[in-house]
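Okay, structure first, notes after.
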Amino acid sequence: MRVTFLGSGTSMGIPMIACDCAVCQSADPKDKRSRSSVKIETDQQVIVIDSGPDFRQQMLQSNTHKLDAILYTHEHKDHTAGLDDVRAFNWINHQPVSLYGEKKVLSALKQEYAYAFKENPYPGVPDLVLHEISEEPFSVCHTTIIPIRVYHHLMTVLGFRIGDFSYITDASSIPPESMHRLSGTKWLVINGLRIEEHFSHFNLQQALNIIQQIGPEKAYITHISHHLGLHRQVSQQLPENVFLAWDGLVLETGC
């Protein structure tokens, strides 16, 4: 299984006007972070987790020509706002794109993209098939996916585990039963927003604490704001099996 980090950043802390901070002015491409998302490729299919505002550019930059399904962690716009651009894959692949999310997530998508779900939709709108999921394992074609319940402050969010690979974003706490589901993970991706604590996201130290508890072979920090600091400098301070993710990073997990 191949995992590509389409984006490793977040809307949190991204300045909307010119910024002279070290990260925003950095020439290092690893400091240029689009909104968090990953692409998972198996022999049978291509799955993406979340379609944020940068979705179109991420698909182009990753040279993605096929898309079978999108898994949604939650309904916040920085994880859903690029959905309209799946229409390109409808046209190229001659098939709808399957969307997997909890009931509340699918309801938000149907409201935001109502034109795509009308009984007689306008020609050319995204062709989508909705699949409601819960905390029970489910399959996308031949790929078994285990949802991982986490909390984004008081909001419920899902992470996902596929084989030995687990992906968690926008979390500030993980309940004990979900920690059990993460046991044995070899490749862990987890959010680490910044150095300072935040009420709805893990900061770097909290993410490192979770990594230590789970004990993966390798772990990657994602959902990074520019407040965390420069990729090169922060990377030097991390344990030898922990890395900052960056846009375009590819993992061959062997799952």
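Residue 199 in the numbering used here sits at position 199 of the sequence shown, and the numbers go up by one each step. Cβ coordinates follow ideal geometry from the N, Cα and C atoms, glycine included. Predicted model, so just to flag it, every value in this text is computed and none were measured.
With a 10 Å radius around the Cβ and a threshold of 16 neighbouring Cβ atoms, Gln236 comes out exposed. Residue range Ala22 to Gln25 is occupied by the alpha helix (DSSP H) that includes Val23. Residue burial is scored here from C-beta neighbours: Gln233 has fewer than 16 other C-beta atoms within 10 angstroms and is therefore classed as exposed. Per the coordinates, the alpha-carbon of Phe5 lies some 32 Å from the alpha-carbon of Pro123.
Non-local C-beta neighbours of Asn241 in its own chain, meaning closer than 6 Å and more than five positions away in sequence, comprise Lys218, ordered along the chain. For the pair Ile195 and Ser166, the CB atoms are not nearer than the 8 Å cut-off. Between the region 43-62 and the region 172-186, the count of Cβ pairs shorter than 8 Å is below three; the stretches do not touch.
With contacts defined by Cβ atoms closer than 8 Å, Phe55 and Asp85 form a contacting pair. In the displayed model, Leu182 falls within a helix according to three-state DSSP.
Annotated three-state conformation of Ile47 is strand, per DSSP. Rounded to whole angstroms, the separation of the alpha carbons of Gly184 and Ile214 is 7 Å.
Separation of the CB atoms of Ile162 and Ile190 is rounded to 15 Å, and the pair is thereby denied contact status at 8 Å. In the same chain as His142, and ignoring 5 residues on each side of it, the C-beta atoms closer than 7 Å to its own belong to Gln44, in chain order. Three or more beta-carbon pairs separated by less than 8 Å link the region 66-74 to the region 148-160, which places the two stretches in contact. Burial state of Gly254 is exposed, judged by a 10 Å Cβ sphere holding fewer than 16 other Cβ atoms. Runs of beta strand (DSSP E) with 3 or more residues, each lying fully within the region 125-196, are found at 128-132, 138-140, 143-152, 155-162, 165-168 and 187-191, listed in chain order.
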